[in-house]
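Reading through the structure tokens given below for one structure.
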Amino acid sequence: MSETQTNTDTPLLSVRDLKVHFPFRRGSLLNPQKGVIRAVDGISFDIARGETLGLVGESGCGKSTTARAIINLVSPTSGDVKVDGVSIAGMSDAAMLPYRRRVQMVFQDPFASLNPRMTVGGIIGEPLVVHSLARGRDRKLEVLRLMELVGLNPRFLNRYPHEFSGGQRQRIGIARALAVQPDLILCDEPVSALDVSIQAQIINLLMDLQQKLGLSYLFIAHDLAVVRHIATRVGVMYLGRIAELATAEELYAGPKHPYTEALLSAVPVPDPELAAKRQRIVLSGEVPSPDVYYPGCAFADRCPVKIERCLTDRPALPNKKHAAACWVREEDVQLDQRSV
Amino acid sequence: MTQTESTPATTSSESSDDAILSVSDLHVSFKTDEGMVRAVRGVSFDVRAGETVAIVGESGSGKSVTNLAMMGLVPKPPGNVDSGKAMFGGRDLLTMSDRNLQDIRGRHIAMIFQDPMTALNPLMTVEQQLTEMTRLHLSLTRQEARKRAVEMLGLVGITAPEKRLRDYPHQFSGGMRQRVMIAMALSCEPELLIADEPTTALDVTIQAQIMELLADLQARKGTAIVLITHDLGVVAGVADRVLVMYAGRIVERADVRTLFANPQHPYTIGLLGSLPNIESNRDEPLAAIPGQPPDLSQPIVGCSFRDRCPHRFERCQTDDPVLTSRGALESEPHMAACHADLTNADAEHAEAQQ
């Protein structure tokens, strides 16, 4: 058995063959077209206690939809999500409640994700009300403790979100997520809307909290340098699937999948000497539309190392520590049966 | 408005002979509900033919407003260009009539914006937008303009350009729209291209394509580029010289290698330290800059960075530092606006690390 799937210790979160498809209709009344957008198209991964799994990829690759499906903000089309070995797929809202307490989410846009008509105290205290965790004076004390924990001045208890900067708002969002003492926080691009100097503050805060509270993170970002810094393992997504999954060290030091390779080489490095020396792999073309079905590897169109087989057969992600779904670069790749 | 910070030291070293654009002591303010926001507070710089000057800074540092002012695009009211000069081809862009400015915009100075969707007209085909400028500025006939449009689209790497001319902006993807913007901007072969966060809205692989395209076009046409960005990675890859802006001021300027190898302003040092490097060590926390930028609607006494600065001392509370020389390397003077001399501090730090 591989190291990612230890049987002795159930992973905190286990996602198996998750699919989220959005059916659509377009065209005119006389010429209607039906189809399906495969936002997430069969992905599997585990998150162990205390670890950070980074999920990277370009816009539209399905990384945010994955997070939303885990927490049931969108319904998965198929597949299974387990928390501590308990499958939560198809659970009623009431049955979901204790599970929601264990998995919380921090959103990208600190301006849209906070209710502008509630005070900071109200926002951070709301999960305590929903989950009946604390009342009255206890609740206020708990909110103040949380504010301190994320580096917000407790004097701001009665202020409204608009009175805060982007970085401070993101701290409010983090405090709200922490209120229910979750085990896992899904962070969907938590720093990409922030300026560089503020971004570093939030990354440091998240890592500090992880140490103090033993949290696990699913950390979604398009910035590969940020993910390199925060994640223990990294999954690279392309067109709704995981192209490569490995520990951060292995992935950044020796990417296997040609897409990962291109992605890493495209990241601008803040060092003029290094930038001049670097070999860039500039991909031609763009990410294809997820509403078209590809029988083969989704990356084949843009791939510099493709072989004939890539156009017809879809490679499955092997179940091993450093895995790439690639016919050329990976040794024991199987045909992905599920996609047929 | 205090003029005490007008900097004789900078202006003398600024005006080099081969400059095609020379901005001096630019001040821009906006009237808002919170009071007068002084967005740009005395900015001076030159751009020489064929070079790339990067203006780096965070939201609200004044980097975009500086360039909008030069193009006469600051909305008035609430904005106002309070003082300063922007000399281009012997004439001051800031005092020029709208009519004269229109002859320069697009023809001699072109601009590309961050968001190609809002910068393109959704109701006009790409052909209409691409030929509008060449017909106006270069007096091309419809046929000539069309031919030129096809040529430009091909140049920026759009396949089947003749067919794509009939398309509307929404039929292009984000990266393709940015290519159309670049084709438009370069179609009159301007001497200067102002690129305001040209790749920020794009994915990293597309970003690499666009930066490569800009560098390639610059090499072929000799266009000078002012690149406005918050991304130090992009700067390291393409810029010749860098201006670092903070709270409406240039706080450090140097050639690109010197700036990254030997930053002298605590803000620049902090900015570089906050960046998670793709090589960086996970065990070390990022050297984040504490606090946040000052509120520019309030008068600033002393150094605008002092509240976040690890090197501050009494003088920083009262005196606003001007740009002073930190030694010239290569042809570009290295200047920083800081009372503290960090030359030695930096060396000690490097030693400690070794």
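Here the protein sequences line up with chains W and F, keeping their order. Heads up: the first sequence begins at 1 in our numbering, then just goes up one per residue. Heads up: the second sequence begins at 1001 in our numbering, then just goes up one per residue. Ideal Cβ placement from N, Cα and C applies to all residues, glycine included. Values in this document were obtained by computation on a predicted structure and should not be read as measured data.
Report task. Give the secondary structure of W/F111 by DSSP, where H, G and I count as helix, E and B as strand, and everything else as coil. Result -> Correct three-state label for W/F111: coil.
**Report entry** Spatial neighbours of W/D17 in its chain, beta-carbon cut-off 8 Å, leaving aside the 5 residues before and after
**Finding:** Taking C-beta separations shorter than 8 Å and ignoring five residues to either side along the sequence, the partners of W/D17 in its chain run G42, I43, S44, S78, G79, D80 and R338, following chain order.
Report task. Starting from W/D17, trace the beta strand (DSSP E) both ways and give me its first and last residue. Result -> Per DSSP, W/D17 belongs to the beta strand (DSSP E) from L13 to G27.
Query raised in the report: Thinking C-alpha only, which one of W/A39, W/R26, W/S14 and W/I47 is nearest W/T247?
Result: The closest CA to that of W/T247, considering only W/A39, W/R26, W/S14 and W/I47, is found on W/I47.
**Report entry** DSSP-derived helix/strand/coil call for F/S1086
**Finding:** In the sequence under discussion, the amino acid at residue 1086 of chain F is Ala, which differs from the Ser named in the question. Three-state result, F/A1086: strand.
Query raised in the report: Around the Cβ of W/D93, are there at least 16 other Cβ atoms within 10 angstroms (buried) or fewer (exposed)?
Result: Per the 10 Å Cβ criterion, exposed.
Query raised in the report: Could you check where the beta strand (DSSP E) with F/M1335 kicks off and where it finishes?
Result: That run of the beta strand (DSSP E) goes E1332 to A1336.
Requested in this report: Closer than 7 Å by beta-carbon distance: list the chain F residues that pair up with W/P272, in chain order.
Outcome: Within chain F, the residues placing a beta-carbon under 7 Å from that of W/P272 are A1236, V1256, R1257 and F1260, ordered along the chain.
Report task. Anything in the region 1217 to 1245 of chain F with a Cβ closer than 9 Å to a Cβ of chain W? List those residues in chain order, please. Result -> Within the region 1217 to 1245 of chain F, the qualifying residues are H1230, D1231, L1232, G1233, V1234, V1235, A1236, G1237, V1238 and A1239.
Query raised in the report: If you draw a straight line from the C-alpha of F/H1334 to the C-alpha of F/A1215, how long is it?
Result: One C-alpha to the other measures close to 24 Å.
Query raised in the report: Listed from N- to C-terminal order along the chain, which residues in the region 1298 to 1311 of chain F have their beta-carbon within a distance smaller than 7 Å of any beta-carbon of chain W?
Result: Taking 7 Å as the Cβ-Cβ cut-off against chain W, none of the residues of the region 1298 to 1311 of chain F qualify.
Query - Spatial neighbours of F/D1307 in its chain, beta-carbon cut-off 6 Å, leaving aside the 5 residues before and after - result: These residues qualify, in order along the chain: G1291.
Report task. Go ahead and label F/A1219 buried or exposed: buried means 16 or more other beta carbons lie within 10 angstroms of its beta carbon, across all protein chains shown. Result -> Around the beta carbon of F/A1219, a 10 Å sphere encloses fewer than 16 other beta carbons of the protein chains shown; the residue is thus reported as exposed.
Report task. Report back the beta-carbon spacing between F/I1228 and F/G1175 to the nearest angstrom; my notes put them in contact at under 8 Å. Result -> Between F/G1175 and F/I1228 the Cβ distance is about 19 Å, and since that is not below 8 Å, they are no contact.
Report task. Look up W/S44 in the DSSP assignment and say whether it is helix, strand or coil. Result -> In this structure, W/S44 counts as strand in the three-state DSSP scheme.
Requested in this report: For my contact list, W/A300 and W/R241 are in at a C-beta cut-off of 8 Å; report their separation, rounded to the angstrom.
Outcome: The C-beta distance from W/A300 to W/R241 rounds to 13 Å, too long to meet the 8 Å contact threshold.
Query - Bridge partners - W/V287, DSSP secondary structure assignment - result: Partner residues in a beta bridge of W/V287, as assigned by DSSP, do not exist.
Requested in this report: If I'm right that W/V180 touches W/P127 with Cβ under 8 Å, what's the distance once you round it to whole angstroms?
Outcome: Yes, they are in contact, since the Cβ atoms of W/V180 and W/P127 sit about 5 Å apart, within 8 Å.
Report task. From the DSSP output, in three-state form, read off W/P32 for me. Result -> Three-state result, W/P32: strand.
Requested in this report: Determine which residues share a DSSP beta bridge with F/L1073 and list them.
Outcome: According to DSSP, F/L1073 bridges with nothing at all.
Query - Against chain W: residues of the region 1156 to 1183 of chain F by CB proximity under 7 Å - result: Taking 7 Å as the Cβ-Cβ cut-off against chain W, the residues of the region 1156 to 1183 of chain F that qualify are S1173 and G1175.
Requested in this report: Could you tell me the distance, in whole angstroms, from the CA atom of W/F24 to the CA atom of W/S289?
Outcome: Approximately 13 Å, taken between the alpha carbons.
Report task. May I ask you to list the residues that DSSP assigns as paired with W/G235? Result -> Within the DSSP secondary-structure output, W/G235 pairs in a beta bridge with W/L55 and W/L245.
Report task. Take W/A231 and list the residues in its own chain whose beta-carbon comes closer than 7 Å to its own, dropping the five residues that flank it on each side. Result -> Excluding sequence neighbours, W/A231 sits near T52, L53, G54, F219 and A248.
Report task. List the DSSP bridge partners of W/R228. Result -> Paired residue(s): none; W/R228 is not in a bridge.
Query raised in the report: Relative to the alpha-carbon of W/V328, which residue among W/N319, W/P318, W/C310 and W/L317 has its alpha-carbon at the smallest distance?
Result: Measuring from the Cα of W/V328, the nearest candidate turns out to be W/C310.
Report task. Check each candidate in W/S14, W/E250, W/Y293 and W/E163 and name the one with the smallest Cα separation from F/D1295. Result -> Looking only at W/S14, W/E250, W/Y293 and W/E163, the smallest Cα-Cα distance to F/D1295 is reached by W/E163.
**Report entry** C-beta neighbour in chain W for F/S1274, strict 8 Å
**Finding:** At a cut-off of 8 Å between beta-carbon atoms, F/S1274 makes contact with chain W.
Query raised in the report: Buried or exposed: where does W/S64 fall if 16 or more other Cβ atoms within 10 Å of its Cβ makes it buried?
Result: A buried status is given to W/S64, since no fewer than 16 other beta-carbon atoms sit within 10 Å of its beta-carbon.
Report task. Count the CB pairs spanning the region 189 to 198 of chain W and the region 135 to 152 of chain W that are closer than 8 Å, and state whether there are at least three. Result -> With the rule of 3 Cβ pairs closer than 8 Å, the region 189 to 198 of chain W does not count as touching the region 135 to 152 of chain W.
Requested in this report: Would you mind stating whether F/M1087 and F/S1022 have Cβ atoms separated by less than 8 Å?
Outcome: Cβ distance < 8 Å, so F/M1087 and F/S1022 count as in contact.
Query raised in the report: Taking Cβ-Cβ distances shorter than 7 Å, what residues in chain F pair up with W/S197?
Result: Under the 7 Å cutoff, chain F gives E1058, G1270, L1271, S1274, A1288 and I1289.
Query raised in the report: Alpha carbon to alpha carbon, what distance is there between W/Y294 and W/G27?
Result: Their backbone Cα atoms lie some 22 Å apart in a straight line.
Report task. Establish whether the CB of F/P1285 and some CB of chain W are separated by less than 8 Å. Result -> Contact with chain W is found for F/P1285, since one of that chain's Cβ atoms lies less than 8 Å from the residue's Cβ.
Requested in this report: With a threshold of 16 other CB atoms inside 10 Å of the CB of F/Q1178, please say whether the residue is buried or exposed.
Outcome: Burial call: buried.
Requested in this report: Quick one: give me the first and last residue of the beta strand (DSSP E) that W/I174 is part of.
Outcome: Boundaries around W/I174 are those of the alpha helix (DSSP H), G166 to L178, since no beta strand (DSSP E) includes it.
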